[in-house]
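K.L.:
Numbering (UniProt numbering), first residue to last: 20 to 547.
Sharing a structure with you now.
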Ligand code: XMP
């Protein structure tokens, strides 16, 4: 792999993603690893990320110069660039000149030939790149002098040395952030480092990922049987499809239909997903059970707890049945598939143990006597890669591109008590909103669009020649990167108008459609 050494900024994961966009496999490792530990991972190249520290700070994470003698190509970025310069004998100074945001760098300022050609000459990192380019900077210290053996490739107003390279030792560095889209040619610079600087080939493709994971799952599982909980979401679906590819009918998927899904979703899982992937599915229709448990409850937290509790119970019963059937037939169920993704692994410290605790938690704490070993075939993947793998495996597009949908489903989108009638009303309104947003081509621009039924609120309306006394529904379209923060989406008025009139014309209980224009914070995405 290409190892991205994380110096504690938010950029390390982004760098790893960009490297993978260049079809080269990449992993994030903490800077606390020693050089032998890093080399034990057999890195094809190393990238030292940016970080919040100043190389002068007392507790500034240092770079062991040994990393530069291992014959592995290294790229330093921002803090990593300064730490590299400093470790190899260059000078880094606190000049008081901060550069933050878009900055123009001058490539090869001393290279007459390159200037005449209006692009940089020289070595791998920036050769052929435009002479002046806009990049994204964020630093207070700057490299004043490059270490011996390095050639200065670029300068900027605040950085006498803004990029350098030592072609012989294959060491490279840049002050700016190539992983950020504001660095106009950032991805090109990263790719030049990978392909020309480190001689790597772009072989990390969905097809290869599948082949690798299929082999890994087979090795892990042997002839034991495997259970997977399917929610209809992207991650569990793709994980199941991958395991199915690896061990075929040793896998049984459990789909708990809690009756809180949107129109068509249960069918999507039961019919389309099964048809496309051939997985063996055990569907548990538990709608009545959930409705009974939710009767008379309108407090949001109580609803969530009830839904979570019932879900675990139902899943557990189904898993027990599968275990019993398998044991009767002389087999053994030992494995549970989880759709854990790479960001979860990194965020929980990257260690195996930490991530497992979190995934167990995701399943919702199965009881001790149901001990499963986890199969996590998506552990190395980012969401966009999961989608690419899913498409390659033939998972239906409607599932691969499904927007996030909360586990408690429509149960937390009915403000008030959840009843079968109210679910019908909300399903009808939601289906219309989704259809129109799709028709308008907005699915990929919008993170998700909850439709919320204000079941305890009534509003007066007029329809035909009569007065109505119905309920409002709220449209909550949001745009977001990761659901931690969000902004309300500026959906075109004509699309909103169509949604509104279709809902009020066809769903008799709803006589008003309102738009939620609150960002997050202060509002959460869901209403409950
Ligand atoms: P909030 O409402 O907290 O939602 O802004 C952030 C994201 O998480 C989803 N969400 C959930 N997902 N179980 C889930 O699996 C839940 O209980 C849950 N609650 C909220 C929400 O749809 C949004 O994408």
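By construction, the Cβ of each residue, glycine as well, lies at the ideal position given by its N, Cα and C atoms.
Are the segment 204-217 and the segment 233-245 in contact at 8 Å, needing three or more beta carbon pairs?
P.N.:
Touching, no, given that fewer than three Cβ pairs across the two stretches are closer than 8 Å.
K.L.:
Residue 323: which of 529, 108, 166, 277 sits nearest, CA to CA?
P.N.:
Out of 529, 108, 166, 277, 277 has the C-alpha closest to the C-alpha of residue 323.
K.L.:
Quick check: the Cα distance between residue 23 and residue 310, rounded to an integer number of angstroms?
P.N.:
Rounded to the nearest angstrom, the two C-alpha atoms are 49 Å apart.
K.L.:
Please state whether the Cβ-Cβ distance between residue 523 and residue 530 is less than 8 Å.
P.N.:
Yes, these two residues count as a Cβ contact at 8 Å.
K.L.:
Taking C-alpha atoms, which residue in 199, 430, 285 lies nearest to residue 153?
P.N.:
Considering only alpha carbons, the answer is 199.
K.L.:
Is the beta carbon of residue 472 sitting closer than 8 Å to the one on residue 432?
P.N.:
Yes.
K.L.:
Report whether the distance from the Cβ of residue 539 to the nearest heavy atom of ligand 1 is below 7 Å.
P.N.:
Checking the Cβ of residue 539 against ligand 1 gives yes.
K.L.:
With DSSP as the reference, please indicate the residues paired to residue 512 in a beta bridge.
P.N.:
Residue 512 is not bridged to any residue.
K.L.:
From residue 229 to residue 341, what distance separates their C-alpha atoms?
P.N.:
So the alpha carbons of these two residues sit roughly 27 Å apart.
K.L.:
Can at least three beta-carbon pairs, one atom from the segment 191-208 and one from the segment 92-103, be found at a separation below 8 Å?
P.N.:
The segment 191-208 vs the segment 92-103: in contact.
K.L.:
What residue range does the alpha helix (DSSP H) around residue 328 cover?
P.N.:
Residue 328 -> alpha helix (DSSP H) spans 319-347.
K.L.:
Among all the DSSP beta bridges, which residues are the ones paired with residue 244?
P.N.:
Answer by DSSP bridge pairing, in chain order: 352.
K.L.:
The alpha helix (DSSP H) with residue 103 in it runs from where to where?
P.N.:
Here the alpha helix (DSSP H) through residue 103 covers 98-106.
K.L.:
Measure the alpha-carbon distance for residue 27 versus residue 392 and round it to whole angstroms.
P.N.:
One C-alpha to the other measures close to 32 Å.
K.L.:
Any heavy atom of ligand 1 inside 7 Å of the beta-carbon of residue 427?
P.N.:
Yes, since a heavy atom of ligand 1 falls inside the 7 Å radius drawn around the Cβ of residue 427.
K.L.:
Report whether the distance from the Cβ of residue 323 to the nearest heavy atom of ligand 1 is below 7 Å.
P.N.:
Yes, the beta carbon of residue 323 sits closer than 7 Å to at least one heavy atom of ligand 1.
K.L.:
When the Cα atoms are used, what is the spatial distance from residue 156 to residue 209?
P.N.:
The alpha-carbon atoms of residue 156 and residue 209 are separated by roughly 16 Å.
K.L.:
How long is the line joining the alpha carbons of residue 112 and residue 45, rounded to whole angstroms?
P.N.:
If I take the Cα positions, the gap works out to 31 Å.
K.L.:
Judging by CA-CA distance, which residue of 222, 301, 476 is the nearest neighbour of residue 532?
P.N.:
Cα-wise, what sits closest to residue 532 is 476.
K.L.:
Tell me which residues share the same chain as residue 370 and place their Cβ nearer than 6 Å to its Cβ, disregarding the 5 neighbours each side in the sequence.
P.N.:
Interpretation of residue 370 is limited by its pLDDT of 42, a score under 50 that renders its predicted location unreliable; the figure taken from the coordinates is listed afterwards. Closer than 6 Å at the Cβ level, and outside the excluded window around residue 370, lies no residue.
K.L.:
Closer than 7 Å to a non-hydrogen atom of ligand 1 - does that hold for the CB of residue 467?
P.N.:
Yes, the beta carbon of residue 467 sits closer than 7 Å to at least one heavy atom of ligand 1.
K.L.:
Rank 304, 435, 79 by C-alpha distance to the C-alpha of residue 316 and give the top, closest one.
P.N.:
The residue with the shortest Cα to Cα distance from residue 316 is 435.
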